[in-house]
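According to our numbering, the sequence shown is numbered sequentially starting from 45.
Glycine is no exception: its CB is placed at the ideal position from the N, C-alpha and C atoms.
Working notes, structure below.
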Amino acid sequence: MSIDPSLIRILTVDDHPLLRKGIAALVNAEDDMKLVAEASSGEQAIEKFRAHRPDVTLMDIQLPGVNGIECIIQIQKEFPNARIIVLTTYSGDVQVVRAIKAGARAYLLKRQVHRELLETIRAVHAGQRRIPQEIAVELVDRSWDDLTPREIDVLRLIACGNTNKEIADQLSIGEASVKSYIANIFSKLDAKDRAHAVTIGLKRGIIEL
45 MSIDPSLIRI
55 LTVDDHPLLR
65 KGIAALVNAE
75 DDMKLVAEAS
85 SGEQAIEKFR
95 AHRPDVTLMD
105 IQLPGVNGIE
115 CIIQIQKEFP
125 NARIIVLTTY
135 SGDVQVVRAI
145 KAGARAYLLK
155 RQVHRELLET
165 IRAVHAGQRR
175 IPQEIAVELV
185 DRSWDDLTPR
195 EIDVLRLIAC
205 GNTNKEIADQ
215 LSIGEASVKS
225 YIANIFSKLD
235 AKDRAHAVTI
245 GLKRGIIEL
């Protein structure tokens, strides 16, 4: 059965069946859009995108296997005009930046789905970009330097409860270097101590546990 070419064809990617079911109900109740495929992992998402070439893709960030941001990068590499909306529970500013840099056209929090999803789909299909105002304000207001890959490694090891010596051993560097990295992390994140740095890193999506 062929699909009316005037409809906005949608692929949804999320590992929670109930959320996919809810999105399907929302989308298929509209006269101008149709859910054409669903995926529960990053690998499935890439396969389904190749098979269906949807007009708009709804992509979760936290996925088993290939995560959402890696998935966006791969899809954009093959299909530069892909229109992808990141749909997530996570509002960490670093995750927003990563998603937008990867090629996402919009970033929507899952708690906003019933209120804003349909409008966002239509806007992205029309070539617009959408970022929730609360996230955009936070991005503009926040003045911070990116942590280097090595600083992120150190912060991740701090979050796992490692001492400076254990971090030095795992990264094959000296303890003095570890102390220097930690000082930089505290400065860049405006953190008071190790626990505070980890809390900020988790909240902003710099690290995950």
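Could you check if residue i belongs to the surroundings of the ligand MG, using beta carbon to heavy atom distance under 7 angstroms?
i	result
D75	Among the components of this structure there are no ligands whatsoever, and the ligand MG is therefore not found.
Taking 7 angstroms as the limit between beta carbons, can you name the residues of its chain near residue i, skipping five residues before and five after?
i	result
E219	N208, K209 and A212
K223	N208
M77	L51, I52, I54, V71 and I165
Starting from residue i, follow the alpha helix (DSSP H) in both directions and report where the run begins and ends.
i	result
R53	Run containing R53: none in the alpha helix (DSSP H); it sits in the beta strand (DSSP E), I52 to V57.
L215	N208 to L215
I226	E219 to L233
A73	No alpha helix (DSSP H) contains A73, which DSSP labels as neither H nor E.
C115	G112 to E122
K94	According to the sequence displayed, residue 94 carries Arg and not Lys. G86 to H96 is the span of the alpha helix (DSSP H), which, as asked, contains R94.
Let me know the secondary structure DSSP gives residue i once reduced to three states.
i	result
I196	helix
K65	helix
I251	coil
T243	helix
W188	Only weak support exists for where W188 lies, its pLDDT of 49 falling under 50; the coordinates are left without a value.
A150	strand
L107	coil
R142	helix
R173	coil
Starting from residue i, follow the beta strand (DSSP E) in both directions and report where the run begins and ends.
i	result
I165	I165 -> not in any beta strand (DSSP E); alpha helix (DSSP H) instead, spanning V157 to H169.
E82	M77 to A83
I128	I128 to T132
Give me the residue from the options with the minimum Cα distance to residue i.
i	options	result
F123	L191, T192, F93 and R142	F93
P98	Q118, E74, N125 and C204	N125
I129	L162, K121 and G109	L162
I226	L191, G249, S216 and D59	L191
H169	H158, A150 and R159	A150
L131	H158, Q118 and D75	H158
Q118	S221, G86 and T133	G86
R19	R127, C115, D58 and R155	One cannot answer for residue 19 here, as it falls past the ends of the chain, which runs 45 to 253.
Take residue i and list the residues in its own chain whose beta-carbon comes closer than 8 angstroms to its own, dropping the five residues that flank it on each side.
i	result
Q214	L201 and N206
I113	I105, Q139, R142, A143 and A146
Is there a C-beta anywhere in chain D that falls below 8 angstroms from the one on residue i?
i	result
C115	Absent from the structure: chain D. Only one protein chain is present.
Can you round the beta-carbon distance between residue i and residue j to whole angstroms, since I take them to be within the 8 angstroms contact cut?
i	j	result
I229	E195	5 angstroms
I90	M103	Contact flag wrong, Cβ pair sits at about 11 angstroms.
E82	T56	5 angstroms
Here's a check: name, in chain order, each residue in its chain whose Cβ is nearer than 6 angstroms to the Cβ of residue i, leaving out the five neighbours to either side.
i	result
A235	A241 and I244
L233	A241 and I244
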